[in-house]
Every structure is written in C-alpha cells, then in structure tokens.
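Numbering (the numbering used here), first residue to last: 1 to 243.
Glycine included, each C-beta is placed from N, C-alpha and C at the ideal position.
In what follows, a single structure is set out as structure tokens and then discussed.
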Amino acid sequence: MLAQTTPWYAHALQRTAAGPAEPLPVPARMEWTTRPGSGPGAEILGPDLGRKRVLELGCGPGHNAACLAALPQVLGSARAGETPTGARVTGVDLVGLQVRRARSHYGRLANLTFVAGHALHYLQASDQPFDAIYSVFGAVGLVAPELLLPGIAHHLKPGCPLVFSVPHPLRAGRSPSADDRPRRDSVILPDRRRLPLVRWDFNADRWEKHLNRAGLWLASAQEFHDAHQNRWPTTLLITARKL
Numbered sequence: 001m002l003a004q005t006t007p008w009y010a011h012a013l014q015r016t017a018a019g020p021a022e023p024l025p026v027p028a029r030m031e032w033t034t035r036p037g038s039g040p041g042a043e044i045l046g047p048d049l050g051r052k053r054v055l056e057l058g059c060g061p062g063h064n065a066a067c068l069a070a071l072p073q074v075l076g077s078a079r080a081g082e083t084p085t086g087a088r089v090t091g092v093d094l095v096g097l098q099v100r101r102a103r104s105h106y107g108r109l110a111n112l113t114f115v116a117g118h119a120l121h122y123l124q125a126s127d128q129p130f131d132a133i134y135s136v137f138g139a140v141g142l143v144a145p146e147l148l149l150p151g152i153a154h155h156l157k158p159g160c161p162l163v164f165s166v167p168h169p170l171r172a173g174r175s176p177s178a179d180d181r182p183r184r185d186s187v188i189l190p191d192r193r194r195l196p197l198v199r200w201d202f203n204a205d206r207w208e209k210h211l212n213r214a215g216l217w218l219a220s221a222q223e224f225h226d227a228h229q230n231r232w233p234t235t236l237l238i239t240a241r242k243l
C-alpha cells in the first residue's frame, strides 16, 4: 500500500498504460544526469565490475542495472581467452509496477535480479555485502539520510563506492536546504501533471556531513548542466567510499 500512495506509482501507472512492457535492447552506457550522454558512465563505479555484486536503490525500469549486468568487460579488464561477464546486479524499487516493467525489459539477463520493496527495508532485511551501491535519482535524497546512509554503509565492503545522483540543490534558481530537514518538491508525470513529494535537498557540504556520520567519506562531488535548463546546474553527482 505504501508504494501506491507515492507519485512514483502514478508515474509507473502512466508509463504502463502508454504501451505494453516488452524486451528492450540493453543500453550501451549508464546515465547519471538529466542529459543523456553527459557525465561519466559505468567506470565511476570501479575499473573492473566483472562478477562484482552491485546494488541499485530505485532501479525504475531497469536500464542502468541492465547496462551493468550486460557489460562484456569494463575498461578492457577481460584477459585474453576469458569469457567476459558483467556485474551481478540487484535492482530494488518501491513500485511493483516498475519492477514488473524492468523484468519485462531485461529479465532475460541471468545475472540481474529485480526486487520490489522499500530501499531501507531491503537493506534491513538483507545480509548481502556489495562491491558497489548506487542510486540515480532514486532512493538517496528521498529517504531520510540518517537512516538510509548507515544502512548502505553496513552493506558496502571496505573501500567500496556509493555513487548517487540527485537533483542539484541550485536547479531553477533554488537554494539548498539550510538545515537537515526535507522540503517540498514535486515530480512531473508523463502527462505533465505535478505531484508533491518531499526531498532532502542538500549541497555537497551537507551530504559530506551525513556521509561522514555513516562511516563514508566523500571522494568527489560533480555538478552537471542541461542546455535546456539555462544557466542553473541540474544534477549533483556524489561519489563516496566505505571507510
């Protein structure tokens, strides 16, 4: 019932109604920003993801997870004579409709699993360690960081990355949150309607504070622009590592 009260359920419902979910070609690269083709790709998660365990929190229709699972090799890491293989990826999404779409698109990939559930509940119920955890406009920023980040840190192996992209706190001339409380935002549905939600809208310094509290250290913070959004940055991409 929780999923059906969120705007993400309405978003998935409209996407599902627009056409049947069907198998899709695996995307050629990961996308982290609002402008496809800009910013890094899978390499930001590490130079060699073959057979590594990777978790996505907020996988949506599964495009990025599928890209990672299908990578024949990352940065030329496969050796001569070896059969390259992608990462072993688990994608978690709150909305069951999204998970069903993701399975319809990419369920044929043997090393890819999609799970319906709340990101925090999944972390609390699982004892699986991961070599990388990531979120692309997903659970990070939409779940209380004082709860989610320690859960993520608990499941990361030492030295391994958490990478997440969130809407930039300066987008459209906004200002970042002045404290640790969430604030009102909205999501635009495919039919262009807006539905309200709350978001932890932090700048890099405030994210660093929360990461440090969870036992993670900030490795980099990058901002990206979209030419259609005038002069304001649209995406903040954070890379952190388990201490």
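Close CB contacts of R194 within its chain, under the 8 Å cut and outside five residues either way in sequence, are with S186, V187, I188 (chain order). Inclusion of V136 and I238 in the CB contact set at 9 Å is not warranted, their separation being larger than that value. For P27, the secondary structure class from DSSP, reduced to helix, strand or coil, is coil. For G19, the closest C-alpha among the options V95, F224, R101 is that of R101. Between G86 and L123, the gap from beta carbon to beta carbon reaches 9 Å or more.
For W8, the enclosing alpha helix (DSSP H) has its first and last residue at 7-18.
DSSP, read as helix, strand or coil, puts L236 in strand. By the neighbour-count criterion, in which a residue is buried when 16 or more other Cβ atoms sit within 10 angstroms of its Cβ, G138 is buried.
Taking a C-beta distance under 9 Å as the contact criterion, R213 and P196 do not qualify as a contact pair.
Beyond the five residues adjoining it in sequence on each side, G159 comes within less than 7 Å, by CB distance, of R241, K242 in the same chain, given in chain order. Between the C-alpha atoms of W217 and G96 there is a straight-line separation of about 33 Å. The residues P176, S177, D180, in chain order, have a CB closer than 8 Å to that of R206 in the same chain once the five nearest residues on each side in sequence are set aside. Buried is the label assigned to P145, since at least 16 other Cβ atoms lie within 10 Å of its Cβ. Non-local beta-carbon contacts of R53 in its own chain, meaning distances under 6 Å to residues more than five positions away in sequence, involve R88, F130, D131 in chain order. Taking every protein chain shown into account, the CB of R171 has 16 or more other CB atoms within 10 angstroms, so this residue is buried.
For the pair N203 and A69, the Cα-to-Cα distance works out to about 31 Å. Short of 8 Å from the beta carbon of H154, and not among the five residues preceding or following it, lie these beta carbons of its own chain, in chain order: L123. In the DSSP assignment, A221 falls within the beta strand (DSSP E) that extends over 216-225.
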